[in-house]
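**Q** Quick one: this structure, given as structure tokens, is what I'll be asking you about.
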Amino acid sequence: MSEAKILPILIAPDRRLKQRARPVTEADRAEIERLIPDLFATMYAAPGIGLAAPQVGIGLRLAVIDLRPEERPAPIVLVNPKVVAASAELATHEEGCLSLPNQYADVTRPARVKVAYTDEKGHERTLEAEGLLAACLQHEIDHLDGILFIDHLSPLKRNMILRRLAKEQRLKAAS
Ligand SMILES: [Zn+2]
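Just so you know, we're using the working numbering here: the sequence shown kicks off at 1275 and counts up by one.
Shown next, in the form of structure tokens:
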């Protein structure tokens, strides 16, 4: 097995982050088997708790999550994930995103979700989640539809974050 690579992460407002990813098919199996270790390596190095394939410029419905409860690895691979049920009750979490470095905002979403997906071995699975995992699952699935967490905010708040990010990226490029 080859060494996992750390991939460059696209930064908003990169247009590729706004595109809808296509479903993973059997023909993609070799590619996703290569890609999954790279996604984890990239996410852990950032560090982050979730990363979707479109964030590294790959338009496939694939994401990885690891909330590392109690500092222990708990990797989840989501192939073609879909929210199949969501609670009417809402919850608010502060969210950030590796494609919007250093930007955080409160996002309100369903408090509990049930997600259907295929794992890395091709087995169909479902996961019921609440709390941070529920928010993280919805955040990553949003990426597959070209939606960023700032798209859940008011236009005013969204533009403020995008302007601040652009300014920080310019300063970073200049230094
Ligand atoms: Zn994100």
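Idealized CB from N, CA, C, for every residue including glycine. Owing to the predicted nature of the structure, the values given are computational and were not obtained by experimental measurement.
Are there any heavy atoms of ligand 1 lying less than 7 Å away from the beta-carbon of Leu-1352, as far as the coordinates show?
**A** As a working note, residue 1352 is residue 78 in the sequence shown. For ligand 1, not one heavy atom lies less than 7 Å from the Cβ of Leu-1352.
**Q** Determine, using beta carbons only, whether Asp-1296 and Leu-1334 come nearer to each other than 8 Å.
**A** Within the sequence shown, the letter at position 22 stands for residue 1296. Within the sequence shown, the letter at position 60 stands for residue 1334. Note that residue 1296 corresponds to Arg in the displayed sequence, not to Asp. Yes, Cβ-Cβ distance for Arg-1296 and Leu-1334 is below 8 Å.
**Q** Per DSSP, what kind of secondary structure is Gln-1377 in: helix, strand or coil?
**A** Your numbering for residue 1377 matches position 103 in the sequence shown. If DSSP states are grouped into helix, strand and coil, Gln-1377 belongs with the strands.
**Q** Determine whether the beta carbon atoms of Ile-1424 and Ile-1435 lie at a separation below 8 Å.
**A** Your numbering for residue 1424 matches position 150 in the sequence shown. Your numbering for residue 1435 matches position 161 in the sequence shown. Going by C-beta atoms, Ile-1424 is nearer than 8 Å to Ile-1435.
**Q** Would you mind reading off the limits of the beta strand (DSSP E) that contains His-1397?
**A** In the sequence shown, counting from the first residue as 1, residue 1397 sits at position 123. No beta strand (DSSP E) contains His-1397, which DSSP labels as neither H nor E.
**Q** Hey, is Cys-1371 close to ligand 1, as in C-beta under 7 Å from one of its heavy atoms?
**A** Counted from its first residue, the sequence shown places residue 1371 at position 97. Yes, since a heavy atom of ligand 1 falls inside the 7 Å radius drawn around the Cβ of Cys-1371.
**Q** Nearest to Asn-1376 by alpha carbon, out of Thr-1400, Ile-1285, Leu-1411?
**A** On the sequence shown, position 102 is the one that residue 1376 refers to. It is Ile-1285 whose Cα lies nearest to the Cα of Asn-1376.
**Q** Could you check if His-1413 belongs to the surroundings of ligand 1, using beta carbon to heavy atom distance under 7 Å?
**A** Sequence index remark: in the sequence shown, residue 1413 carries index 139 (1-based). Correct: His-1413 has its Cβ closer than 7 Å to ligand 1.
**Q** Is it the case that the CB of Glu-1367 approaches a heavy atom of ligand 1 more closely than 7 Å?
**A** For this step, residue 1367 is matched to residue 93 along the sequence shown. Here the sequence assigns His to residue 1367, which means Glu is not the residue at that position. Result no, Cβ not under 7 Å from ligand 1.
**Q** Please determine whether the Cβ atom of His-1417 lies at a distance below 7 Å from any heavy atom of ligand 1.
**A** Residue 1417 sits at position 143 when you count from the first residue of the sequence shown. Under cutoff, so the answer is yes.
**Q** Using C-beta distances below 6 Å, list every residue in its chain close to Ala-1337, excluding the 5 sequence neighbours before and after it, in chain order.
**A** For this step, residue 1337 is matched to residue 63 along the sequence shown. These residues qualify, in order along the chain: Ala-1326, Leu-1352, Glu-1414.
**Q** On the DSSP bridge assignment, give the partners of Gly-1333 in chain order.
**A** Along the sequence shown, one-based indexing puts residue 1333 at 59. Answer is none; Gly-1333 lacks a bridge partner.
**Q** Nearest CA to the CA of Leu-1427: which residue from Glu-1404, Thr-1366, Arg-1386?
**A** The sequence position of residue 1427 within the sequence shown is 153, counting from 1. For Leu-1427, the nearest C-alpha among the options comes from Thr-1366.
**Q** Going along the chain, which residues of its own chain have a beta-carbon closer than 8 Å to the beta-carbon of Asp-1312, five neighbours each way excluded?
**A** Here residue 1312 is taken as the residue at index 38 of the sequence shown, counted from 1. Taken in chain order, the residues that qualify are Ala-1278, Lys-1279, Ile-1280, Leu-1281, Val-1330.
**Q** Give the DSSP-derived three-state secondary structure of Gly-1420 in the structure shown.
**A** The residue labelled residue 1420 in the question sits at position 146 within the sequence shown. If DSSP states are grouped into helix, strand and coil, Gly-1420 belongs with coil.
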